[in-house]
Structure formats: C-alpha cells, structure tokens
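Residue numbers (the working numbering): 142 to 262. For each residue, glycine too, the CB sits at the ideal point set by N, CA and C. On a predicted model such as this, the values are computed, not experimentally measured, just so you know. One structure is given below, encoded as structure tokens.
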Amino acid sequence: MPIALLDLWISIYQGVCFPIYGIAHVHRSSYIVIDRHHLAYLNVIEKLNCVYCGYVNGVFAYVREIAGRSEQYWCPIRHAKRVKAPQAHYQKFVDYLDAKGYQQQLPIMRVQLRDRRSAQR
C-alpha cells in the first residue's frame with residue numbers, strides 16, 4: 142500500500158508541477174513493466190512475486206527519474222561528498238564550488254528538460 146501511495150503522489154506532483162515549469166513528462170509505462178507473470182514455468186506464488194517486484198522496482202525507477210528531472214531543474218549542483226549511486230542526470234551537474242558555471246549552465250539545463258518534451262511528441 143505505501144508503494145501505491147508513492148506512485149499516486151509522485152504522479153500528481155508530476156502532473157501539476159512539470160507542465161508549469163515546462164519539464165518533459167515521464168511516461169510511467171516506460172518504468173513500470175509487469176509481464177513476467179505470463180511465464181508458464183512459474184508457479185502461482187512466483188508469478189505473484191514477479192508482479193510485486195516488477196511494480197515496486199518500476200515505481201522506484203519512475204520516482205527516481207521524476208526526482209532527477211526535478212533536481213536538474215532546481216539544483217543541478219554536484220554534492221561536495223561523493224554520491225554512491227547518482228541519478229542519471231547527475232553527471233551533467235556543475236561542480237560544488239562552481240558559482241559561475243552554475244549561473245551559465247542553469248538555463249541550458251532547463252532548456253534540455255524542455256527539449257525532451259518536444260522530442261517525445
């Protein structure tokens with residue numbers, strides 16, 4: 142149930158905020174894939190487990206992409222400390238102490254988020 146609530150709330154957040162700021166929509170169906178339960182060699186319990194894992198891991202990937210795009214829009218600055226598993230957009234971010242680079246790159250990174258939107262139409 143908590144995962145379904147997370148799924149609902151992140152979808153509402155994206156639906157309200159992304160259009161306001163012109164951030165490209167993240168397609169939920171690209172991240173949440175539930176298909177392994179069709180495999181004939183799995184028993185009922187295994188199929189149920191596969192549905193659960195496909196949904197939960199898909200929701201987490203979906204949330205991570207929405208959060209990553211939000212971070213790129215609002216705060217595309219690398220952390221001072223090393224991040225163990227940075228999100229996909231992180232490598233484009235400016236260095237921690239690079240104030241000039243931040244001012245120069247912020248508008249460019251925001252346009253990149255809009256360009257995805259036009260490319261997906």
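- Message: As a quick exercise: from Cys-191, Lys-222 and Ile-164, pick the residue whose alpha carbon is nearest that of Leu-238.
- Response: Lys-222
- Message: So, for Arg-262: in the same chain, excluding its five sequence neighbours on each side, which residues have a beta-carbon less than 6 Å away from its beta-carbon?
- Response: Reliability of the predicted coordinates at Arg-262 is poor, the pLDDT of 42 falling under 50, and no value is obtained from them.
- Task: Let me know the secondary structure DSSP gives Val-224 once reduced to three states.
- Result: coil
- Item | Spatial distance of Ala-165 from Lys-188 (CA atoms) | 34 Å
- Message: I'd like the span of the alpha helix (DSSP H) that includes Asn-190, first residue to last.
- Response: 185–215
- Which of the three DSSP states, helix, strand or coil, is assigned to Ile-175? coil
- Query: Mind checking whether Arg-114 and Val-235 have CB atoms under 8 Å apart?
  - Reply: Here the chain comprises residues numbered 142 to 262, so residue 114 is not present and cannot be evaluated.
- Item | Ile-164, DSSP secondary structure in three states | coil
- Query: Hey, how far is the Cα of Gln-232 from the Cα of Lys-225?
  - Reply: 13 Å
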